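A short write-up of the structure that comes next.
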Amino acid sequence: GMGGLGKTTIAKIARKTLGDKFDVSRFFSVKMVSEKHGLVNLQRRLCKSLMKKNSEYWDNIDEEATMINFLFQKKVLLILDDVDDISQLENLCGNRDWFGPGSRIIITTANEKLLITHGVKIFKVPELDANEAIQLFSLKAFKRDYPDKKFTALSRCFVDYANGLPLALKV
Numbered sequence: 016g017m018g019g020l021g022k023t024t025i026a027k028i029a030r031k032t033l034g035d036k037f038d039v040s041r042f043f044s045v046k047m048v049s050e051k052h053g054l055v056n057l058q059r060r061l062c063k064s065l066m067k068k069n070s071e072y073w074d075n076i077d078e079e080a081t082m083i084n085f086l087f088q089k090k091v092l093l094i095l096d097d098v099d100d101i102s103q104l105e106n107l108c109g110n111r112d113w114f115g116p117g118s119r120i121i122i123t124t125a126n127e128k129l130l131i132t133h134g135v136k137i138f139k140v141p142e143l144d145a146n147e148a149i150q151l152f153s154l155k156a157f158k159r160d161y162p163d164k165k166f167t168a169l170s171r172c173f174v175d176y177a178n179g180l181p182l183a184l185k186v
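Counting from 16, one number per residue, gives the positions in the sequence shown under the working numbering.
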């Protein structure tokens, strides 16, 4: 879904809530790291984090993917945030066999086609309804569930402008 819906927030809450049920749980900001340092560097960080081993000797994507395939036999909760290219999915979680039984991978993306291409189950984050939006805005602006009557009309203007996007209401 579009930016600002809360995909990343939901994924972080899932990790915090469920992480202790896995051998390893990790959160990776895929787009940011991949754009800045490249996909090989992202794989290296992922391997290093999950295996607690130095993987700096790897220097190409195929070697990294082979090592991931060999090493990842643990029950893993892996959150790949802000994925924007199919190669990221193929090289970070290409095959369900890479991970041990009971592993879960949560992928956040604005591009639903990536998930369809990769053949994963899709959960769409809905926009907030008007009541939820007013409540979130009021909690952030007034530290209470609903605004005072004198601020109700103005609050509704903000909520309408934000169009149900939680990030816009929080900022």
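Cβ coordinates follow ideal geometry from the N, Cα and C atoms, glycine included.
Predicted model only: the values in this text are computed from it and were never measured.
- For I137, no alpha helix (DSSP H) run applies, since DSSP gives it neither H nor E.
- Our two residues, D112 and Q103, have alpha carbons roughly 17 Å apart in a direct line.
- Of all C-beta pairs linking the stretch 89-104 to the stretch 35-43, three or more are shorter than 8 Å, placing the two stretches in contact.
- In the DSSP assignment, the residues bridged to L92 are S40 and R119.
- The criterion of a C-beta distance shorter than 8 Å is not satisfied by K136 and D99.
- Rounded to whole angstroms, the Cβ separation of R30 and I94 is 6 Å, and the two are in contact under 8 Å.
- In the three-state reduction of the DSSP assignment, Y161 falls in the coil class, being assigned neither a helical nor a strand state.
- Apart from sequence neighbours up to five positions away, the residues of its chain that approach P116 with a beta-carbon distance below 8 Å are K90, ordered along the chain.
- Contact between the stretch 143-156 and the stretch 125-135 is absent: fewer than 3 CB-CB pairs across the two stretches fall below 8 Å.
- Of the candidates T24, F43 and N178, F43 places its Cα closest to the Cα of C108.
- Relative to L61, the option among L33, A26, K139 and F114 whose CA is nearest is F114.
- When rounded, the separation of the alpha-carbon atoms in S118 and N106 is 17 Å.
- Put simply, of G21, I101, G19 and T24 the residue whose alpha carbon is nearest the alpha carbon of L54 is I101.
- Between the alpha carbons of D175 and S64 lies a distance of about 42 Å.
- Here A177 is buried, its C-beta having at least 16 other C-beta atoms within 10 Å.
- If you draw a straight line from the Cα of D96 to the Cα of H52, it is about 16 Å long.
- The beta carbon of T132 lies closer than 6 Å to those of I101 in the same chain, with the five residues before and after it left out.
- Counting along the chain, N106 sits inside the alpha helix (DSSP H) bounded by residues I101 to C108.
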